[in-house]
Amino acid sequence: MNGWRCRRGGPARRRGFRAEGMALFIEQLVNGLTVGAVYALVALGYTMVYGVMRLINFAHGDLFMLGSYFGFTLLVATFVGSALPLWAALPVTVLASATGVAILGVLVERAAYRPLRRSNRLTAVVSAMGVSIFLQNAAMLVWGPRYRAYPPWAVPDVRWEIGAVHIGFMQVLILMVSILLMAGLYLFVQRTTVGAAIRATAIDHDTARLMGINVDQIIRLIFVIGPGLGAVAGVLLGLYYRQIHFTVGWSYGLKAFTAAILGGIGNIPGAMVGGLLLGILEMLGGGYISAAWKDVFVFLILILLLIFRPTGLLGERVAEKV
Amino acid sequence: MASPRLGPGLVPGRRISGLVDRYSAWAVAAIAVAALVFPMVTSDYWIDVAVFWGIYVLLGLSLNIIVGEVGLFDMGHMAFFAIGAYTTAILSGQLGISLWLLLPLSGVAAGLAGYVLARPIIHLRGDYLLIVTIGLNEMIRISLLNNPWGLTGGPNGVIMLDQFRVLGLTIQKPIHFYYLVWVFVAVSMFALVRLQRSRIGRAWNYIREDEVAAEAMGIDVRAAKLLAFTLGAGLAGATGTVFAAKLVVISPESFTFMESVILFCIVVLGGMGSIPGVVLGSAAMLVLPEILRNFAQYRMLFFGAAMVLMMIFRPQGLWPSRRWTTKLQEGEGE
Chain A
261 MNGWRCRRGG PARRRGFRAE GMALFIEQLV NGLTVGAVYA LVALGYTMVY GVMRLINFAH
321 GDLFMLGSYF GFTLLVATFV GSALPLWAAL PVTVLASATG VAILGVLVER AAYRPLRRSN
381 RLTAVVSAMG VSIFLQNAAM LVWGPRYRAY PPWAVPDVRW EIGAVHIGFM QVLILMVSIL
441 LMAGLYLFVQ RTTVGAAIRA TAIDHDTARL MGINVDQIIR LIFVIGPGLG AVAGVLLGLY
501 YRQIHFTVGW SYGLKAFTAA ILGGIGNIPG AMVGGLLLGI LEMLGGGYIS AAWKDVFVFL
561 ILILLLIFRP TGLLGERVAE KV
Chain B
325 MASPRLGPGL VPGRRISGLV DRYSAWAVAA IAVAALVFPM VTSDYWIDVA VFWGIYVLLG
385 LSLNIIVGEV GLFDMGHMAF FAIGAYTTAI LSGQLGISLW LLLPLSGVAA GLAGYVLARP
445 IIHLRGDYLL IVTIGLNEMI RISLLNNPWG LTGGPNGVIM LDQFRVLGLT IQKPIHFYYL
505 VWVFVAVSMF ALVRLQRSRI GRAWNYIRED EVAAEAMGID VRAAKLLAFT LGAGLAGATG
565 TVFAAKLVVI SPESFTFMES VILFCIVVLG GMGSIPGVVL GSAAMLVLPE ILRNFAQYRM
625 LFFGAAMVLM MIFRPQGLWP SRRWTTKLQE GEGE
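See the structure below:
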């Protein structure tokens, strides 16, 4: 589960704790927000699939990982990296890998989840794990079992100093992109007709069908949006940490899923809040308590939350069906 | 720990029969002979595969109590296995306690941990319980990795020096382990089949099929679930002792979330609540990849695809439990 090996040597820590007090706190906060934004983007995929299908899509983390690899390949091996200027290459890479992963997401839904939609939930969970194992090993076969590194030229080495606080270009980029995407998604789901159809499907498939909603199409759409966002997160994180590995799907997927639960699974703003909160808690816990125990800290909070508020922070109480 | 209170609605079955009665005596005898002869006609490599198969059967049986019999989603079962293995390795190393004593001791330690950890979370429903158990698994694995009080040796783990001894014979060779492990498997299977047919076993299945109705019938659902969790954790812990003796070096990487997922799949692939299913399920998850070693690169790829296909075309598992299909007979359950 230590997929991103260079994590501890990440941009903040490499400089050591030079900054003191308040500045250190703000830097940790920004680090937390950066990682949290990535968690939130991935968590959205979990929460939307769960909201509409009541399925924990264990393969989602691996789709996110594939997004990271697609971005890597596009930047390194094709014309995108060498022919286009950087400001154009990055958006093209992100869009292309999001499209690729979205197509994969739809295929996965068609092959592994649709036949099981009417069967019990455990069957679907095992099927999702099968997909996850498949994707992980496929990635290992294609890109090899070693760590792969994003090219250094892909990230402009721009840094800002505000007082004693250092903020990197990637951190700003990740925050901006993810906030834009999240706001867009929120407006899409809340304000458009298709968004209303998604919400209706989440409440009750049969009634939604009676209202003339094509449930299959809505689910397909969910599997375009979720994995697409996941792929964006994958490329961004690849650029941020530089190194990628085929096992990051598990580790980041687990964290993102935790974030989704933290905010209340099935709840879109919940996933955003949960992701950001988890990132901040993790970085502050890692910075001020102990880096080695940081994950224990995260899961402890999750368990305490589930004991005292099982529906998550923003979740509504749903009576269990009898 | 209180055994589940059973209401007047459930009378103990009159035809409590053993393993032999149900799955014809001849088949059992044939399998027993084959199991006895197997290590004499094959290489150490395959005996080792069979040893690990046996260990996973034991683990699968322990998880089957929780996932299969009661329907609780526990995807962090490796945590209890780890507690058992580390209890064994640490106590054996520091205090020199005999492994035969550590076997029940590790079981009790893991069972106790299971009880304490499950108590506050046992009321959570399906998916929430799943994610909490995943969290527990990770917490325990990371704790072991962080070497608390210098006991667990961090990522390097703990070395076991002691071995099982039977009548002056030290259990060291693969073939010895083979017999040891499969004797444990046979004993556990026998005990668990009996348990499955007992009042407790039937109460568990009732909870799995319909929790509300079970509660209405007077079953103390909470106590029954806790009992299952404690027993399952305990059996996994005792298996940890065998694992520690076999592996010699116990380190956190043996107890990852991925291993818990494999265990979970063993139970579901074999057939929920089916004891022979666990044996087949662990063969499918462990032995099959070994046989396919020639295609080493692609085997896990096929394997993932096979899991999906299996769930689509045979969701009830390889050897479904009879209780899924048979209806209550006349007079029973009145």
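Protein sequences, first through last, are from chains A and B.
Note that the numbering used here has the first sequence beginning at 261, numbered continuously upward.
Note that the numbering used here has the second sequence beginning at 325, numbered continuously upward.
Every residue, glycine too, gets a C-beta built ideally from N, C-alpha and C.
Just so it is clear, the structure is predicted and the values come from calculations on it, not from any experiment.
- For Gly384(B), no beta strand (DSSP E) run applies; the uninterrupted alpha helix (DSSP H) run containing it begins and ends at Asp368 to Leu387, by DSSP.
- Taking the beta carbon of Thr383(A) as reference, the chain B residues within 8 Å of it are Val592, Met635 and Pro639, listed in sequence order.
- Contact of Tyr512(A) with chain B is not assigned, every C-beta pair being separated by 9 Å or more.
- The beta carbons of Gly597(B) and Leu642(B) sit no closer together than 9 Å.
- Taking C-alpha positions only, Asn471(B) is separated from Pro479(B) by approximately 8 Å.
- In terms of beta-carbon proximity, Asn397(A) lines the interface with chain B, with at least one pair separated by less than 9 Å.
- With contacts defined by Cβ atoms closer than 9 Å, Ile445(B) and Leu436(B) do not form a contacting pair.
- Pairing Val394(B) with Met624(B), the inter-Cα distance amounts to about 30 Å.
- Annotation: Ile421(B) has no Cβ neighbours in chain A at a cutoff of 7 Å; minimum Cβ distance is about 29 Å.
- Excluding sequence positions up to five before and after Asp368(B), its CB lies within less than 6 Å of the CB of Pro498, all in the same chain and listed in chain order.
- One thing to note: Val507(B) has its Cβ no nearer than 9 Å to the Cβ of Val375(B).
- Our two residues, Glu614(B) and Gly392(B), have alpha carbons roughly 26 Å apart in a direct line.
- DSSP, read as helix, strand or coil, puts Thr494(B) in strand.
- A contact between stretches requires three or more CB pairs, one per stretch, nearer than 8 Å, and the stretch 502 to 512 of chain A meets this requirement with the stretch 406 to 424 of chain A.
- At least one beta carbon of chain B lies nearer than 9 Å to the beta carbon of Thr518(A).
- By the beta-carbon neighbour count (other beta carbons within 10 angstroms, threshold 16), Met436(A) is exposed.
- Ranked by Cα distance from Ser584(B), the first of Leu383(B), Val456(B), Gly400(B) and Asn388(B) is Gly400(B).
- The DSSP-derived three-state label of Arg532(B) is helix.
- For Phe581(B), at least one C-beta of chain A is nearer than 9 Å to its own C-beta.
- No Cβ of chain B is located within less than 9 Å of the beta carbon of Trp413(A).
- Per DSSP, reduced to three states, the secondary structure at Ile549(A) is helical.
- Beyond the five residues adjoining it in sequence on each side, Ser392(A) comes within less than 6 Å, by CB distance, of Phe318, Ala319 and Asp322 in the same chain, given in chain order.
- In terms of Cα proximity to Gly481(B), the closest of Gly384(B), Phe581(B), Leu571(B) and Val536(B) is Leu571(B).
- Listed in chain order, the positions of the stretch 553 to 566 of chain A with a beta carbon within less than 8 Å of a beta carbon of chain B are Trp553, Asp555, Val556, Phe559, Leu560, Leu562, Ile563 and Leu566.
- Here the C-alpha atom of Val508(A) lies approximately 12 Å from the C-alpha atom of Ala493(A).
- Arg419(A) and Ile316(A) have their C-alpha atoms some 39 Å from each other.
- The DSSP-derived three-state label of His320(A) is helix.
- When only Cα atoms are considered, Leu441(A) and Leu396(B) end up about 37 Å apart.
- For Ala519(A), the CB contacts under 6 Å within the same chain, skipping 5 residues up- and downstream, are Tyr299, Ala303, Gly534, Gly535 and Leu538 in chain order.
- The C-beta separation of Ile434(A) from Leu334(A) comes to about 18 Å, leaving the pair out of contact by the 8 Å criterion.
- Here DSSP, grouped into helix, strand and coil, assigns Ile427(A) to strand.
- Nearest C-alpha to Ile455(B) among Lys515(A), Val368(A), Leu544(A) and Val415(A): Lys515(A).
- Ranked by how close their Cα comes to the Cα of Pro576(B), the residues Leu423(B), Ala354(B) and Ile464(B) have Ile464(B) in first place.
- Pairing Met631(B) with Phe579(B), the inter-Cα distance amounts to about 22 Å.
- Distance from the CA atom of Arg449(B) to the CA atom of Thr571(A), rounded to whole angstroms, is 11 Å.
- Taking C-alpha positions only, Ala358(A) is separated from Gly281(A) by approximately 40 Å.
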